[in-house]
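So the structure is just underneath, and the comments pick up after that.
Numbering (the numbering used here), first residue to last: 1 to 220.
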């Protein structure tokens with residue numbers, strides 16, 4: 001969320017934005033508590049609305065799909081790889097930027113890359129609907145990455161290289177996410193998971209280095 005502008009005329013917009021964000025967070029946290037307590041399929045939108053003290057329509061306005069009540073970091077997840085590529089350092093390739101970002105996320109135990117704890121991870125893997133939604137996120141994330149790579153390398157229309165690169169990079173990120181989730185479900189502490197995943201990150205990105213180490217290098 002952007003900071004409130006200093007201009008008094010912008011204050012109402014800032015207040016409305018904060019109120020909307022609080023409402024969204026309240027709905028999401030309430031839904032997650034209910035899902036963890038009773039299971040994803042057993043909780044209805046109407047029950048979430050009642051527990052969050054909002055109208056049912058308010059819930060669906062903020063979260064058009066029930067799955068997104070659980071996966072409320074979807075925007076950050078789906079757009080994350082493309083954002084890292086666009087923000088890479090001069091002289092840095094897309095591969096190196098993504099590796100650096102993933103290593104930082106693992107060290108920080110970032111929930112976006114799967115450090116969600118055993119209860120939440122168990123909720124995700126127990127629901128076919130949530131797993132299906134996660135697959136959609138993986139696909140959309142890869143598509144956005146391909147678009148970013150095409151733009152950053154000034155690729156000609158129809159150039160297949162950005163799509164291939166995105167497929168390789170997206171698959172690595174998906175495998176790492178799923179391994180993190182698997183270990184969380186098994187009840188491993190985040191510190192143990194992070195140590196293992198950092199090793200897997202090295203293996204995965206080292207494997208891609210010969211093919212992508214010099215691809216999409218930002219001009220100095």
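Yeah, the Cβ is synthetic: ideal placement off N, Cα and C, and Gly gets one too.
Quantities reported herein were computed from a predicted structural model and do not represent experimental measurements.
Inclusion of residue 35 and residue 134 in the CB contact set at 8 Å is not warranted, their separation being larger than that value.
Burial check for residue 214: the Cβ neighbour count within 10 Å stays below 16, so the residue is exposed.
For residue 146, the uninterrupted alpha helix (DSSP H) run begins and ends at 128-152, by DSSP.
Taking a contact as a CB-CB distance under 8 Å, the pair residue 146 and residue 166 counts as one, their CB atoms being some 4 Å apart. Taken in chain order, the complete alpha helix (DSSP H) segments of 4 residues or longer contained in the region 96-130 are 118-126. As the crow flies, the alpha-carbon of residue 99 is around 19 Å from that of residue 220. Under the Cβ criterion (8 Å, minimum of three pairs), the region 178-191 does not count as touching the region 39-56. Residues of the same chain with a CB within less than 6 Å of the CB of residue 217, apart from the 5 flanking positions on each side, are 93 in chain order.
Remark: C-beta atoms of residue 152 and residue 107 do not approach each other more closely than 8 Å.
DSSP places residue 60 within a helical segment (H, G or I) once states are collapsed to three.
Setting aside the 5 residues that flank it on each side, residue 190 is surrounded in the same chain by 109, 115, each with a C-beta closer than 7 Å to its C-beta; the list follows chain order. At a Cβ-Cβ threshold of 8 Å, residue 70 and residue 32 count as neighbours.
The Cβ atoms of residue 208 and residue 95 lie closer than 8 Å to each other.
Between residue 67 and residue 129 the beta-carbon gap is near 6 Å, inside 8 Å, which marks them as a contact. Cβ-Cβ separation between residue 176 and residue 204: approximately 6 Å, consistent with a contact (criterion under 8 Å).
With a cutoff of 8 Å on beta-carbon distance, residue 137 and residue 77 are scored as near each other. Judged by DSSP in its simplified three-state form, residue 37 adopts helix.
The beta-carbon distance between residue 118 and residue 185, rounded to whole angstroms, is 6 Å. This is short enough to meet the 8 Å contact definition.
In the DSSP assignment, residue 88 falls outside any alpha helix (DSSP H) and carries neither an H nor an E. One alpha carbon belongs to residue 60, the other to residue 45, and they sit about 8 Å apart. Nearest to residue 27 by C-alpha distance, out of 54, 39, 159, is 54.
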